[in-house]
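Just below is one structure, and these are the notes that go with it.
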Ligand SMILES: Nc1ncnc2c1ncn2[C@@H]1O[C@H](COP(=O)(O)OP(=O)(O)OP(=O)(O)O)[C@@H](O)[C@H]1O
Ligand SMILES: [Mg+2]
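Residue numbers (the working numbering), protein chains in the order written: chain A, 1182 to 1662; chain U, 12 to 261.
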């Protein structure tokens, strides 16, 4: 029925956060505030070895001296770092329990999230490591993976069980001093996932982690470390949801990927943290540092579907250190109402014949602001480096914004760089055309948005592409056929 | 089937349709001709329910039911189909996916389940063969990069898939080469029955050699200024519109 721009806009506004419920599980929460004692307490609580405690303290020292960055095209009230509790663990959680013993309330929550562990078990193809409020509560398929020598566990467990790997690689791609939020994360990270694929092994299933912020006023600081040893392959999916709350929640994660010679890592993210209500109140601040390192002939692909968070600040990057290595970035970022997103990627070409591809699709509705910020850097040694970037923006209505900031730094004359950008608007004519064929406006929008995002959706593993489409529908209030 | 009475419609306070009366019965073919800018496409859009145009007076009835409060998609569900003069592009959405969505939405409106994939594929094969459409074409993005003629043929493919009660073809012949015109016209003829009706908007007699109209109407300045049988089209071809314009100016 409705199809004028005015009406279209109204329709988009009425979206509610589908996963906004609060599960009443008893939590063990630290007092608010951050100081050395808290850092030590976190480390102790997690029964960490001394080297880890020291590493955290070093990060804390660095963080204290740092200033919060201000250059992104986002505006928000800065979080009060002393008003946040830095640790919250569900008390009933016990990683040694079998799935059948898992707290029924937790299982209920997974069901609401549409990722019931039962279902995942049946699916037989996805191993899930769920991080809820900081502690890994259920890990499946460990055995199948172990047979191949694959390690997939919480980072806390890895610190205890595989210290040599953690010591060697933690902070090797994103050092403690990298940036304000990375330093903070290094000091206080509560949990996260760890994954190691041995030489020559192709991980037989998609590895998947779901993050979720549950407790009021808790910041979530996960730390993810994925190591693909020589000639191995892994596809990893990270999904996130957060219950809706009035106050802003902080999320500052660090993800490090290491692809050794001839290895390949595919890292896909579906992020739908609470974006705030339609007046722009509440929502998650998502400040994430994600970076991968490629050795010789290695390949890293980042694929992300971002529909949530009030403020997003995120640039999954690739350091193409080895010759012939490949970096890819495929992104869909949707913003609605008062959401602000400043995302993009950095492709750092160090090795010879390195190649990178960037496909970014921004969809803005309501009064939201959607920025793409990309850096392509070609070092003097990187002979014959190639980059292709394509940034497409789709606007709905007249009050939202799309911005593109491509930065290119080339220090080698043999580099080949291509950049394409388009901006389009969902037109009344397109909507009417769909209406005339019997497709209502909501469905028409979903169809058009899906078509616009197709190149990126196609990069997601099958089962998650379906889920991502569902998220696009929810965030733009529509449905897809 | 379709009854239009004293229809006035305007856009941005500019009156474009100024009192149209037209009745189309099941089994009939009507041709609407008339000079550029006379309001032919506007009439088609108003019948299809485009809200950009405001109906200020008069009514459009489909099978006895006033359509004033009926949304474009509901009209489509009731069997109204418009072959657009300028079909729009939808990047990334394949012809097949678009048709699948359209058909299932119409079925949903009628309380039916989604069409089983097998039936859908069969229907697609049948209709694309009838219109001699290459299967590869169906996986391309809707209308994106289609030639003028391909767009028009694709409109008729959609019509064939949806099997409407009332089809309005707005200059479907323009852009079609001689062979394509024959194929498309044959397609339309095959879909014709005593239960449905077709309105063809065209500038050329040529199409009407294939799709033979029962009535021909001439639209000028938002009004039907002359109606007649199929011979009227021949007369127009020969004489142009001037004599009619003069007649109505008097
Ligand atoms: N959205 C609009 N805003 C302003 N004027 C419009 C609009 N749509 C149509 N018109 C005007 O209405 C008149 C009729 O247009 P319409 O497209 O119905 O003509 P037509 O008979 O289909 O012409 P043609 O043979 O060239 O296709 C034209 O003068 C056109 O400029
Ligand atoms: Mg016209």
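Here a beta-carbon is modelled for each residue, glycine too, at the ideal position from N, C-alpha and C.
**Item:** Beta bridge counterpart(s) of residue 1499 of chain A as assigned by DSSP
**Value:** Looking at the DSSP assignment, residue 1499 of chain A forms a beta bridge with A/1473 and A/1528.
**Prompt:** So which residues of chain U does residue 1635 of chain A contact, with C-beta pairs closer than 7 angstroms?
**Reply:** Per Cβ cutoff of 7 angstroms: 103.
**Asked** Where does residue 1596 of chain A sit, in a helix, a strand or coil, going by DSSP?
**Response** In the structure shown, residue 1596 of chain A falls within a coil segment according to DSSP collapsed to helix, strand and coil.
**Request:** Assign residue 1590 of chain A to one of two classes, buried (16 or more other C-beta atoms within 10 Å of its C-beta) or exposed (fewer than that).
**Result:** Looking at its Cβ environment, which holds fewer than 16 other Cβ atoms inside 10 Å, residue 1590 of chain A is exposed.
**Prompt:** Taking the DSSP output, what are the residues bridged to residue 1372 of chain A?
**Reply:** Bridge partners of residue 1372 of chain A according to DSSP: A/1403.
**Message:** Would residue 149 of chain U and residue 117 of chain U be called neighbours here (beta carbons separated by less than 8 angstroms)?
**Reply:** Against a cut-off of 8 angstroms, the Cβ pair of residue 117 of chain U and residue 149 of chain U comes out as no contact.
**Message:** Does chain A have any CB closer than 8 angstroms to the CB of residue 208 of chain U?
**Reply:** For residue 208 of chain U, the answer is no, since every Cβ of chain A falls outside 8 angstroms of its Cβ.
**Asked** Helix, strand or coil: how does DSSP classify residue 1221 of chain A here?
**Response** When DSSP states are grouped into helix, strand and coil, residue 1221 of chain A belongs to the helix group.
**Item:** Buried versus exposed call for residue 1435 of chain A [16 or more other C-beta atoms within 10 Å across all chains shown]
**Value:** So residue 1435 of chain A ends up on the buried side.
**Message:** Using only Cβ atoms and a threshold of 5 angstroms, which residues come within that distance of a heavy atom of ligand 1? Order them by chain position.
**Reply:** Residues with a Cβ closer than 5 angstroms to any heavy atom of ligand 1, in chain order: U/22, U/27, U/47, U/48, U/49, U/50, U/51, U/52 and U/53.
**Request:** For residue 11 of chain U, return the contacting residues in chain A, with the cut-off set at a CB-CB distance below 7 angstroms.
**Result:** Here chain U comprises residues numbered 12 to 261, so residue 11 of chain U is not present and cannot be evaluated.
**Message:** Just to check my reading of the structure: residue 192 of chain U and residue 44 of chain U have Cβ atoms closer than 8 angstroms, yes? What is that Cβ distance to the nearest angstrom?
**Reply:** With 8 angstroms as the limit, residue 192 of chain U and residue 44 of chain U do not qualify as a contact, their Cβ atoms being about 17 angstroms apart.
**Message:** Can you find the residues in the same chain that come closer than 7 angstroms, C-beta to C-beta, to residue 1364 of chain A, ignoring five residues on each side of it along the sequence?
**Reply:** Same-chain partners within the cutoff: 1240, 1243, 1244, 1247, 1357 and 1358.
**Request:** Kindly examine ligand 2 and report whether one of its heavy atoms sits closer than 7 angstroms to the Cβ of residue 96 of chain U.
**Result:** For ligand 2, at least one heavy atom lies less than 7 angstroms from the Cβ of residue 96 of chain U.
**Request:** Entirely within the region 56–98 of chain U and at least 4 residues each: give me those alpha helix (DSSP H) ranges in chain order.
**Result:** At a cut-off of 4 residues, the continuous stretches assigned as alpha helix (DSSP H) that sit fully inside the region 56–98 of chain U are 83–88.
**Message:** Distance check for residue 214 of chain U and residue 1466 of chain A, CA to CA, integer angstroms please.
**Reply:** Using only the alpha carbons, I get a separation of about 60 angstroms.
**Asked** Just how far apart, CA to CA, sit residue 1341 of chain A and residue 1366 of chain A?
**Response** Separation of residue 1341 of chain A and residue 1366 of chain A (C-alpha to C-alpha, rounded to the nearest whole angstrom) is 19 angstroms.
**Message:** What would DSSP say about residue 187 of chain U, mapped onto helix, strand or coil?
**Reply:** Assignment of residue 187 of chain U by DSSP, reduced to helix, strand and coil, places it in the coil class.
**Asked** Does the beta carbon of residue 142 of chain U sit closer than 8 angstroms to a beta carbon anywhere in chain A?
**Response** It does not; no Cβ of chain A falls within 8 angstroms.
**Request:** Alpha carbon to alpha carbon, how far is residue 95 of chain U from residue 1620 of chain A? Give it in angstroms, no decimals.
**Result:** Taking the CA atoms as reference points, residue 1620 of chain A sits about 16 angstroms from residue 95 of chain U.
**Proximity to residue 65 of chain U [Cα-Cα], best of U/18, U/129, U/88 and U/242** = It is U/18 whose Cα lies nearest to the Cα of residue 65 of chain U.
**Message:** Determine, for residue 1611 of chain A, whether the minimum Cβ-Cβ distance to residues of chain U falls below 8 angstroms.
**Reply:** So yes, residue 1611 of chain A belongs to the interface.
**Request:** For residue 1631 of chain A, go through chain U and note every residue whose CB falls closer than 8 angstroms to its CB, in chain order.
**Result:** Within chain U, the residues near residue 1631 of chain A are 103 and 104.
**Item:** residue 1487 of chain A to residue 1496 of chain A span [Cα, whole Å]
**Value:** Approximately 12 angstroms between the Cα atoms of the pair.
**Prompt:** Nearest CA to the CA of residue 1578 of chain A: which residue from A/1641, A/1415, A/1549 and A/1411?
**Reply:** Out of A/1641, A/1415, A/1549 and A/1411, the CA that lies nearest to the CA of residue 1578 of chain A is found in A/1549.
**Request:** In angstroms with no decimal places, state the Cα-to-Cα distance between residue 1352 of chain A and residue 1582 of chain A.
**Result:** If you take the alpha carbons of residue 1352 of chain A and residue 1582 of chain A, they lie about 36 angstroms apart.
**Asked** Is residue 170 of chain U buried or exposed, if buried means 16 or more other CB atoms sit within 10 Å of its CB?
**Response** Under this definition residue 170 of chain U is a buried residue.
**Message:** Whole angstroms are fine: how far does the CA of residue 1629 of chain A sit from the CA of residue 50 of chain U?
**Reply:** When rounded, the distance between both Cα atoms is 30 angstroms.
**Request:** Please state whether DSSP places residue 1488 of chain A in a helix, a strand or coil.
**Result:** Correct three-state label for residue 1488 of chain A: coil.
**Prompt:** Between residue 1523 of chain A and residue 1362 of chain A, what straight-line distance do the alpha-carbon atoms span, to the nearest angstrom?
**Reply:** Taking the straight line joining both Cα atoms gives about 15 angstroms.
**Request:** Kindly indicate the opening and closing residues of the alpha helix (DSSP H) around residue 17 of chain U.
**Result:** First-last for residue 17 of chain U: 13–22, but that is the beta strand (DSSP E), not the alpha helix (DSSP H).
**Message:** By the DSSP assignment, the alpha helix (DSSP H) with residue 103 of chain U in it spans what residues?
**Reply:** Under the DSSP assignment, residue 103 of chain U falls outside any alpha helix (DSSP H), being part of the beta strand (DSSP E) whose first and last residues are 101–105.
**Prompt:** When the cut-off is 8 angstroms and only beta carbons count, does residue 95 of chain U lie next to chain A?
**Reply:** True, the Cβ-Cβ gap to chain A drops below 8 angstroms.
**Request:** Check distances from the C-beta atoms of the region 44–72 of chain U to those of chain A and list, in chain order, the residues that come in under 9 angstroms.
**Result:** Here the close residues are 56, 59, 60, 61, 62 and 63.
**Any C-beta of chain U under 8 angstroms from that of residue 1642 of chain A** = Chain U, which has no Cβ nearer than 8 angstroms to the Cβ of residue 1642 of chain A, makes this no.
**Prompt:** Heavy atom of ligand 2 less than 7 angstroms from the Cβ of residue 1621 of chain A, yes or no?
**Reply:** No, ligand 2 has no heavy atom inside 7 angstroms of this Cβ.
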